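Asker:
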């Protein structure tokens, strides 16, 4: 029997949709082009996500993953001043956050969704998706016969592969990228520092965080047109690191190995961007979720938390639509539009707080009055 809902992409957003739909009594199918969860750069899950984890039934699973994930006790940032400021999570209502092992976290989400009744297909690459007579016909590279569904979900991340096939465009508000490396740990005292560190510089900012296995994630964030070839090479990245204060000291105290950078450095998209429309038009039943719908600057810490939240609300909109509630997708679209508009305003305000390099292109762009209003 064909599934009523097919989700393209099995990351945090797609898994949250699948898990929530399964608990609503549907039996969604997740199609994942990868052959299994892959290693990814770690990410911090802020404490404010705790109520959502409870709603998704994931809080206990995450706490049971200690040793895989590392508790995060706060943020440290040199932003607007060379003197770092600290924010301690334990003084907040939800306690610590988490430095995630992304592969372990995504495997946990998939397991929870399958236990709830979802199906998971790895190595399933979508070739085409056509709306015919009120249903979707999906062609897969791994299957001769087309698959049919009542509703499809784009959870393919920033590429938005399904939505673009269906005519949606993606707009960007900046060109932010990260040049990141995961450095092996040397067991130094900084390896036990569970604070996230952000350090602003003249042409961007640095991010670093420890992982549970002792490694250290270090990323330099700047605009793609400011990168240049040298920065993507070990010697260029390392030279820029040496010009920092806090990040350089952290890497040294951590005992992190800087050899083998040529194999470790990765260029990652980090722009603020979203689709021109997130739900189907003309009766077509589809929606986009997570980074496929709207992507955030890592500085906001919105990434995984927003993906899980959007997945939760998207699933309820889908289930309500299939149950005959005509305005469910409109409500989802309104929620997403309002949330992203709020994000762009707060994002602009945060960048305005750093005024030490007003003449540098990176900061000039973010201080412009129309930042967040003008698309690239």
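In UniProt numbering, the protein residues as written are 1 to 376.
Even glycine gets a Cβ: it sits at the ideal position worked out from N, Cα and C.
What you are looking at is a predicted structure, and each value in this text was computed from that prediction instead of being measured.
Taking 9 Å as the cut-off, decide whether the C-beta atoms of residue 148 and residue 136 are in contact.
Answerer: Yes. Within cutoff.
Asker: Using a 10 Å radius around the Cβ and a threshold of 16 neighbouring Cβ atoms, would you call residue 342 buried or exposed?
Answerer: Exposed: under 16 other Cβ atoms inside 10 Å.
Asker: Between the alpha carbons of residue 24 and residue 325, how many angstroms are there, rounded?
Answerer: When rounded, the distance between both Cα atoms is 15 Å.
Asker: Does the distance from the C-beta atom of residue 10 to that of residue 31 stay below 9 Å?
Answerer: Result yes, Cβ atoms of residue 10 and residue 31 sit closer than 9 Å.
Asker: Where does residue 366 land, buried or exposed, given buried means 16+ other C-beta within 10 angstroms?
Answerer: Buried is the call here.
Asker: Within the same chain, show all residues whose beta-carbon is closer than 6 Å to that of residue 33, passing over the 5 residues directly before and after it, in chain order.
Answerer: Contacts found: 125.
Asker: Any idea what DSSP makes of residue 99, helix, strand or coil?
Answerer: Strand, per DSSP.
Asker: If you draw a straight line from the alpha carbon of residue 346 to that of residue 291, how long is it in whole angstroms?
Answerer: Cα to Cα, residue 346 sits roughly 19 Å from residue 291.
Asker: Please identify the residue among 178, 235, 159 and 18 whose C-alpha is closest to the C-alpha of residue 260.
Answerer: Selected option, being the one with the closest Cα: 235.
Asker: Since residue 270 and residue 221 are thought to touch, with beta carbons under 8 Å apart, how far apart are those beta carbons, to the nearest angstrom?
Answerer: About 6 Å; that satisfies the 8 Å criterion.
Asker: Just checking: is the beta-carbon of residue 307 within a distance shorter than 9 Å of some beta-carbon in chain E?
Answerer: The question asks about chain E, but that chain is absent: this structure has only one protein chain.
Asker: Once you ignore the five residues that flank residue 178 on each side, which residues in its own chain have a CB closer than 6 Å to its CB?
Answerer: 219, 221, 268 and 270, listed in sequence order.
Asker: Where does residue 136 fall in DSSP's three states?
Answerer: The answer is strand: DSSP assigns residue 136 an E or B state.
Asker: Secondary structure at residue 358, three-state DSSP: helix, strand or coil?
Answerer: The answer is coil: DSSP assigns residue 358 none of H, G, I, E or B.
Asker: Entirely within the segment 271-338 and at least 4 residues each: give me those alpha helix (DSSP H) ranges in chain order.
Answerer: Listed in chain order, they are 303-322.
Asker: Ends of the beta strand (DSSP E) at residue 121?
Answerer: Per DSSP, residue 121 belongs to the beta strand (DSSP E) from 119-122.
Asker: Considering only the beta carbon of each residue, do residue 152 and residue 8 sit closer than 9 Å?
Answerer: Yes, they are a contact pair.
Asker: Compare the C-alpha of residue 382 against each of 140, 293, 192 and 195 and name the closest.
Answerer: The shown model of the chain, from 1 to 376, leaves out residue 382, and the question about it has no answer.
Asker: Residues in its own chain within less than 6 Å of residue 266 by CB, not counting five upstream and five downstream?
Answerer: These residues qualify, in order along the chain: 180.
Asker: Going by beta-carbon coordinates alone, are residue 246 and residue 211 separated by less than 9 Å?
Answerer: No; because the gap between Cβ atoms is not below 9 Å, this pair is not in contact.
Asker: What does the Cβ neighbour count give for residue 352, buried or exposed, with the cut at 16 atoms within 10 Å?
Answerer: Classification of residue 352: exposed, given that the 10 Å Cβ count is below 16.
Asker: Report the option in 306, 361 and 373 whose CA atom is closest to the CA atom of residue 43.
Answerer: Selected option, being the one with the closest Cα: 306.
Asker: For a minimum of 4 consecutive residues, which ranges assigned as the alpha helix (DSSP H) are wholly contained in the segment 214-257?
Answerer: Within the segment 214-257, the complete alpha helix (DSSP H) runs of at least 4 residues are 228-231, 234-242 and 246-254.
Asker: Which residue comes first and which comes last in the alpha helix (DSSP H) that contains residue 33?
Answerer: Element bounds for residue 33: n/a, residue is neither H nor E.
Asker: Which two residues bound the contiguous beta strand (DSSP E) that contains residue 196?
Answerer: Start and end: 195-201.
Asker: May I have the straight-line CA-CA distance separating residue 20 from residue 107, to the nearest angstrom?
Answerer: C-alpha separation (whole angstroms): 16 Å.
Asker: By DSSP, does residue 85 sit in helix, in strand, or in coil?
Answerer: The answer is strand: DSSP assigns residue 85 an E or B state.
Asker: Can residue 97 and residue 49 be called in contact, C-beta distance under 9 Å?
Answerer: It is a contact, given that the beta carbons lie within the stated cut-off.
Asker: List the whole-angstrom C-beta distance separating residue 185 from residue 216, where the pair is believed to meet the contact cut-off of C-beta under 8 Å.
Answerer: The pair is a contact, with the Cβ atoms about 6 Å apart (cut-off 8 Å).
Asker: Nearest to residue 376 by alpha carbon, out of 206, 361, 289 and 172?
Answerer: When each option's Cα is compared against that of residue 376, the closest is 172.
Asker: If you draw a straight line from the C-alpha of residue 262 to the C-alpha of residue 163, how long is it?
Answerer: Near 35 Å, if we compare the C-alpha coordinates of residue 163 and residue 262.
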